[in-house]
């Protein structure tokens, strides 16, 4: 029997780094990352760094969206409406961040929390089951100035970039690509 210390097997180590729209995961053993197994990163495009000819790849992320619905309008189909919002967000390529549920029995302004969450999360769009989830069944122009508003049924997009200062505009069709 020898008095040599037992060799300790290196424990796998995972490092997570967050960036807008995702997480970078590195898995390694010990301090050195020789093979960096488990490394995954979606990248797109190139930019020049400090004026040199060397090119650096730029990370691409999904735009963020929120869901919004009113409990008094959805009623018993609230869970169905939420699932339809999430499915449409995924299909359109959004990173779904939060579901804002408005209950009129609390007496708060209907769009206050939605606008605050959109600002806080830097959201690009909000997806709603339909226009009936807004006061008077109309998409509010003040909301379209801040976010793209997408309805599930009928599937239509009210895009903020094309929104002139008029009250009633026909909706633009959602891109089905």
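Residue numbers (this note's numbering): 148 to 324.
Idealized CB from N, CA, C, for every residue including glycine.
- DSSP places residue 238 outside any beta strand (DSSP E); the residue lies instead in the alpha helix (DSSP H), whose first and last residues are 225–238.
- Collapsing the DSSP output to three states places residue 219 in a helix.
- If you draw a straight line from the Cα of residue 305 to the Cα of residue 295, it is about 6 Å long.
- According to DSSP, residue pairing for residue 253 in a beta bridge does not occur.
- Of the residues 226, 300 and 215, the one whose Cα lies closest to the Cα of residue 249 is 215.
- In this chain, the alpha helix (DSSP H) harbouring residue 291 covers 288–291.
- According to DSSP, residue pairing for residue 213 in a beta bridge involves 245 and 273.
- Taking all protein chains in view, the Cβ of residue 211 is crowded by 16 or more other Cβ atoms within 10 Å, so the residue is classified as buried.
- Inter-residue distance for residue 275 and residue 208 is about 23 Å (C-alpha atoms, whole angstroms).
- Taking all protein chains in view, the Cβ of residue 219 is surrounded by fewer than 16 other Cβ atoms within 10 Å, so the residue is classified as exposed.
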